[in-house]
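This report refers to the structure that appears directly beneath it.
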Amino acid sequence: MPELPEVETIRRGLAHVMSGRRILRAELRRADLRRPFPPALAERLQGARIGALGRRGKYLLIELDDDGILILHLGMSGRITAGAASPAGRHDHVVLTLDDGSHIRFNDPRRFGLLDYTSRAQLARHPLLADLGPEPLEPGFDGVYLTAALAGRTTPLKSALLDQRVVAGLGNIYACEALYRARLSPRRRAGAIGRDRAARLAAAIRAVLEEAIAAGGSSLRDYVRADGGLGYFQHRWAVYGREGMPCPGCDCAEGVRRIVQAGRSTFYCAKRQR
DNA sequence: AGACGTACCTGACCGC
DNA sequence: TGCGGTCAGGTACGTC
5 MPELPEVETI RRGLAHVMSG RRILRAELRR ADLRRPFPPA LAERLQGARI GALGRRGKYL
65 LIELDDDGIL ILHLGMSGRI TAGAASPAGR HDHVVLTLDD GSHIRFNDPR RFGLLDYTSR
125 AQLARHPLLA DLGPEPLEPG FDGVYLTAAL AGRTTPLKSA LLDQRVVAGL GNIYACEALY
185 RARLSPRRRA GAIGRDRAAR LAAAIRAVLE EAIAAGGSSL RDYVRADGGL GYFQHRWAVY
245 GREGMPCPGC DCAEGVRRIV QAGRSTFYCA KRQR
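Residue numbering for the first sequence follows the working numbering, beginning at 5 and increasing consecutively.
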């Protein structure tokens, strides 16, 4: 599921039910996801007091006791649900029992997600986080930055946006949607977009992410239900998954075009995006 | 260094 | 109904 807006929505929803609670029990129902769980993970979780929940790009960060941080990535198919105790289901890989009796479940059919554990002091240097680009919703992410970050890159603009070193948290959907809003062709060479277009793109990225978070936030209560229903942004997608259909307000006969870039589907309007 | 293909997994969907 | 093929929101690694 998860790009930045979904992880942020999850973070906010989980903070309500997790922060301040103690973990009574941590059940690891297998030894790995994308890679092995860190050593003694269950022991470190068990008994820990949960602090604030943070986010960096698509990584969810859960403070434990005074110095621990649980790092969690949802991969392609990861979900976290919270609710009353019930038997673990298929693909529920990690189940936490909190001191109010509720269960937090990490479910991930494809197992591209991961869990790791570090300390607050080491967090910024953690290999998973050290090379991430700026948070697009924080100050400093603008046309000047983007121009510099993309300088010299010959890869298509769309592919560059998926590079987490350029900007943290964009995935395939929102990269497509942001380019549509900025009216920029995904095929344009990344290193050659220029200051004005870069500023347009940075603003479009911010706008699409903020709207998606707002849409997710509106169904926040739903999200933390046991069924994991999530306020995804899909009803507002202008181009993603809409091959052959018109983009909003567009009269081009062809409709949204789908191409493959670096092995990923890209959706765009060839008339409005140049 | 940067760009590309491939691998990791399961599930949903489509056409036959 | 079943079967094979294709595709999927992400990242890491090897190779050129």
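Where is the CB? At the ideal position from N, CA and C, for every residue including glycine.
Residue i versus the options, residue with shortest Cα-Cα distance
i	options	result
Gly17	Ala86, Arg33, Lys275, Leu37	Ala86
Leu279	Leu119, Ala92, Ile217	Outside the shown range of the chain (5 to 278) lies residue 279, about which nothing can therefore be said.
Arg169	Ala179, Ala182, Asp135, Gly156	Asp135
Leu64	Gly117, Pro160, Ala46, Phe145	Gly117
Ile27	His95, Met80, Asp104	Asp104
Glu31	Thr159, Leu49, Gly82	Leu49
Gly144	Arg115, Val171, Arg240	Val171
Arg114	Ile84, Arg60, Gly79	Gly79
Pairwise C-alpha distance: residue j and residue i
i	j	result
Leu205	Leu183	7 Å
Gly233	Ala219	Its pLDDT being 43, under 50, Gly233 is placed unreliably by the model, and the measurement read from it follows with that caveat. The alpha-carbon atoms of Gly233 and Ala219 are separated by roughly 13 Å.
Ala152	Glu258	35 Å
Lys275	Asp71	52 Å
Asp231	Arg109	Residue placement at Asp231 is flagged as unreliable, the pLDDT there being 37, under the threshold of 50; the coordinate-derived value follows with that caveat. Their Cα atoms are separated by approximately 11 Å.
Tyr178	Tyr149	19 Å
Val228	Val243	At Val228, the pLDDT of 44 sits below 50, so the modelled position is not reliable; the number obtained from the coordinates is stated separately. Between Val228 and Val243, the C-alpha separation is close to 28 Å.
Leu68	Leu102	13 Å
His97	His77	13 Å
Glu12	Ala46	25 Å
Ile263	Thr270	5 Å
Glu247	Arg261	5 Å
His95	Asp120	19 Å
Extent of the continuous beta strand (DSSP E) run through residue i
i	result
His95	Element bounds for His95: n/a, residue is neither H nor E.
Gly55	54–60
Leu78	Here Leu78 belongs to no beta strand (DSSP E), and DSSP marks it neither H nor E.
Ala30	27–32
Proximity below 7 Å, CB of residue i to CB of residue j
i	j	result
Pro160	Gln265	yes
Any non-hydrogen atom of the ligand GTP within 6 Å of residue i CB
i	result
Ile263	In the structure on display, the ligand GTP does not appear, and there are no ligands present to speak of.
**Study point:** Ranges of the alpha helix (DSSP H) found wholly within the stretch 104–139, counting only runs of at least 4
**Key:** Listed in chain order, they are 131–134.
Check your understanding: At which residue ranges does the stretch 238–266 contain complete alpha helix (DSSP H) runs of 4 or more residues, listed in the order of the chain?
Key -> Listed in chain order, nothing qualifies, since the stretch 238–266 has no complete alpha helix (DSSP H) run of 4 or more residues.
Review point. Which residue spans inside the stretch 132–193 form an unbroken alpha helix (DSSP H) run of at least 4?
Key: Whole alpha helix (DSSP H) segments, 4+ residues: 147–154, 161–166, 176–186.
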